[in-house]
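Asker:
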Amino acid sequence: MNPLRRIQNINAKEASLGISYYQASWHTRYKDSPYVFVGGIPFDLTECDLLAVFSQYGEVVDVNLVRDKGTGKSKCFGLVAYDDQRSTNLAVENLNGAQILGRIIRVDHVTNYKKKEEEDEETEWKKVLRASSLTMRRFVLQVYE
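Residue numbers (my numbering): 32 to 176.
#1: Check whether the segment 88-106 touches the segment 130-141, taking contact to mean three or more Cβ pairs, one atom from each stretch, closer than 8 Å.
#2: Per DSSP, which residues does R134 bridge with? Please list them.
#3: I'd like to check one pair, Y88 with A122: are the Cβ atoms closer than 8 Å?
#4: If you drop the 5 nearest sequence neighbours on each side, which residues of the same chain put their C-beta closer than 6 Å to that of Y66?
#5: Which stretch, first to last residue, makes up the alpha helix (DSSP H) that contains F85?
#6: Rounded to whole angstroms, what is the Cα-Cα separation between D93 and D75?
#7: Between the alpha carbons of I72 and L82, how many angstroms are there, rounded?
#8: On the premise that I131 lies in contact with V84, defined as a C-beta separation below 8 Å, what is that separation, rounded to the nearest angstrom?
#9: Buried or exposed: which applies to S118, given that a residue is buried once 16 or more other Cβ atoms fall within 10 Å of its Cβ?
#10: Is it the case that the Cβ atoms of D114 and F68 are separated by a distance below 8 Å?
#11: Please classify V97 as buried or exposed, where buried requires at least 16 neighbouring CB atoms within 10 angstroms.
#12: Could you please give the first and the last residue of the uninterrupted alpha helix (DSSP H) stretch that includes V123?
#13: What does DSSP give as the partner residues of Y113 in its beta bridges?
#14: Output yes or no for whether 8 Å exceeds the beta carbon distance between Q116 and K44.
#15: Quick check on S64: does DSSP put it in helix, strand or coil?
This is the structure:
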């Protein structure tokens with residue numbers, strides 16, 4: 032059973048049991064993440080094209096189309112961030128399994144995604160702390176020798 036069919040079955044079961052969408056929906060696990068993963072993107076699509084498609088469900092604040100560093104060609108997957116997290120639910124529900132330029136795309140929630148700049152800043156901060164910690168150790172050793 033493919034992921035799209037599995038999601039549809041879960042939604043149908045919840046509806047038949049009368050379970051509230053906002054209390055028991057599988058979307059609530061991702062309520063803190065504004066990002067969605069997009070896979071199966073056609074090679075010809077650009078960041079602007081993704082923006083046009085995904086902005087139907089809310090205000091898009093970030094589009095990260097992953098590209099090969101050497102050639103600059105798309106790797107056919109990326110991440111899209113919304114201003115309002117509820118838009119991610121709409122995008123996943125409506126675009127997962129949609130066909131764009133002959134390819135079926137996969138859209139799913141993301142839990143722990145950090146933008147590249149944020150990762151770089153965090154890594155730099157850790158390096159500074161590590162270096163200052165080593166400097167302090169050397170200083171303490173010199174004082175006590």
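Quick reminder that beta carbons are idealized off the backbone N, C-alpha and C, glycines included.
Answerer: From the atom records:
#1: no
#2: The beta-bridge partner set that DSSP reports for R134 consists of I131.
#3: yes
#4: L110, A112, V141, Y144
#5: 78-85
#6: 19 Å
#7: Taking the straight line joining both Cα atoms gives about 13 Å.
#8: 7 Å
#9: buried
#10: no
#11: exposed
#12: 117-126
#13: V91
#14: no
#15: In the structure shown, S64 falls within a coil segment according to DSSP collapsed to helix, strand and coil.
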